[in-house]
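Some notes on the structure that comes next.
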Amino acid sequence: MAIELEGHTLLPDIDVGISVSPADGTSPDELLERARTALKGPRTPEGMHVFTQETEASAVRRHWIEQRLEPALHNGMLIQHYQPIMLADGSGVLGFEALARWQDEKLGNVSPGEFVPIAEKNPRLSQLLTDWSLRVVCEKAMKWPLKTGDPPMRMAINIPANQFYQASFVDHILQILKEYNLAPERLALELTEESLLTDIDQAVQTMSRLRDQNIAIALDDFGTGYSSLNYLKRLPIDALKIDKSFIDELPNDRKAVDLVKGIIGIARGLGMRVIGEGVESEAQHRLLQELGCDALQGYLFSRPVVAEKALAFIESWPGREGAW
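Just so it is clear: in the sequence shown, position 162 is 161 by numbering that gives the first Met the number 0, and no numbers are missing.
Below, the structure is given as structure tokens:
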């Protein structure tokens, strides 16, 4: 439950690690250590983390992910994949979302669901990962063609809250764009609802500065966080991305259809573009287009692919590019 305090919105939370004697240990020190380890594992809806042997193995893997992520960034072990965001009417490509992939020689495949949350809890790793993502995107975008007369195709990257709220964030983004001579209108930043509600006033200020520089802002995974209509109308957002969990229920779940229709109507009323995430069937495509979705993203069109395949996708697509 959100708490308003001195003009700020606070979202209190609690996590409890649980270990049980004698199965998990007999001494207080051992039980406390296992309870701490449990905190790094899965959480129940009530905020409980129960120690298991799987939790311990997972904690060891997370430790090595944290230790190996920085060397992996420096040694070129991470690569960017790109997933196209298509105009819903089929007339062209709106842009691409950049998604990091990591194949480690010792850890094997490390999914973004593993290493991104770990990086976000470590300020140094979070900064390194964000900078790496932005620099790779800038480098690739400079090499990709633009169609004469069309709006610039944007490249979207995800931004963690701990980077977004740094005082130097906007200047840092602009400096990297300048280094690569990439126009700001080629970039889009994706932010989650939860991160934007950390400090709504600062979020509005930072987002306004970004938009003044023609950098687009997308609200990612809409519907999974804490936003309310009051906050949504304050945020200077260009595009709202409907979370895949809603799209999965289409077209057969009537309540899901009505909910998505309502989300699209709200976004339209606030002057935002609407992007449907996780589109996997033609039936979903047709329905979302009928409901007024502007753009779509998902396996129906393309999985995330390496830069060379993304470039081939652009060159083979007969349609135009679209503006965010």
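Every residue gets a Cβ at the ideal spot worked out from N, C-alpha and C, and that includes glycine. The structure displayed is predicted, hence computed values, not measured ones.
| request: Might you give, ordered along the chain, the residues of its own chain that have their beta carbon closer than 7 Å to the beta carbon of T8, omitting 5 neighbours on each side? | output: A1, L196 and I199
- Query: Considering only the beta carbon of each residue, do E189 and I158 sit closer than 8 Å?
  - Reply: yes
Requested in this report: Check F221 in the structure and name its three-state DSSP category.
Outcome: strand
Less than 8 Å between the CB atoms is what I'm expecting for D293 and V278, so what's the real figure, rounded? That belief does not hold up - the Cβ atoms of D293 and V278 are roughly 13 Å apart, past 8 Å.
query: How about I13 and I64: are their beta carbons less than 8 Å apart?
result: Against a cut-off of 8 Å, the Cβ pair of I64 and I13 comes out as no contact.
_Whole angstroms are fine: how far does the CA of K240 sit from the CA of I324?_
Nothing about residue 324 can be reported from this structure: the residues present for the chain run from 0 to 323 only.
According to DSSP, is L186 helix, strand or coil?
-> Under the three-state reduction of DSSP output, L186 falls in the strand class.
Query - Start-to-end residues for the beta strand (DSSP E) that takes in D103 - result: G91 to D103
_Euclidean distance between Cα positions of I246 and G297_ = 10 Å
Does the beta-carbon distance from A187 to M152 come in below 8 Å?
no
message: Measuring straight from C-alpha to C-alpha, what distance separates L124 and V15?
response: Between the alpha carbons of L124 and V15 lies a gap of roughly 26 Å.
Practice problem: Go to A155, then tell me how far its beta strand (DSSP E) extends in each direction, as first and last residue. | Solution: R153 to N157
Are there 16 or more other CB atoms within 10 angstroms of the CB of I236, so buried, or fewer, so exposed?
-> buried
Residue environment, S79, which counts as buried when at least 16 other CB atoms sit within 10 Å: Residue 79 is actually Gln in this sequence, not Ser. So Q79 ends up on the buried side.
- What do you reckon, are the CB atoms on Y81 and E138 nearer than 8 Å? In this structure, Y81 keeps its C-beta atom at 8 Å or more from the C-beta atom of E138.
Which runs of the beta strand (DSSP E) fall wholly inside the segment 219 to 285 and span at least 3 residues, in chain order? If you keep only unbroken beta strand (DSSP E) runs of at least 3 residues inside the segment 219 to 285, you get 238 to 241 and 272 to 275.
Measuring alpha carbon to alpha carbon, tell me which of T36, M47 and Q201 ends up nearest A58. T36
Between L181 and D130, what straight-line distance do the alpha-carbon atoms span, to the nearest angstrom? Rounded to whole angstroms, L181 to D130 spans 15 Å at the Cα level.
* For the beta strand (DSSP E) holding G16, just list the boundary residues, first then last. => V15 to I17
| Going by Cα to Cα distance, which pick from A282, A311, D28 and A160 is closest to L249? | Nearest of A282, A311, D28 and A160 to L249, Cα basis: A282.
Margin query: Residues in the same chain with beta-carbon distance under 7 Å from M271, minus the five sequence neighbours each way, listed in chain order, please.
Written below: I236, D237, A238 and L239
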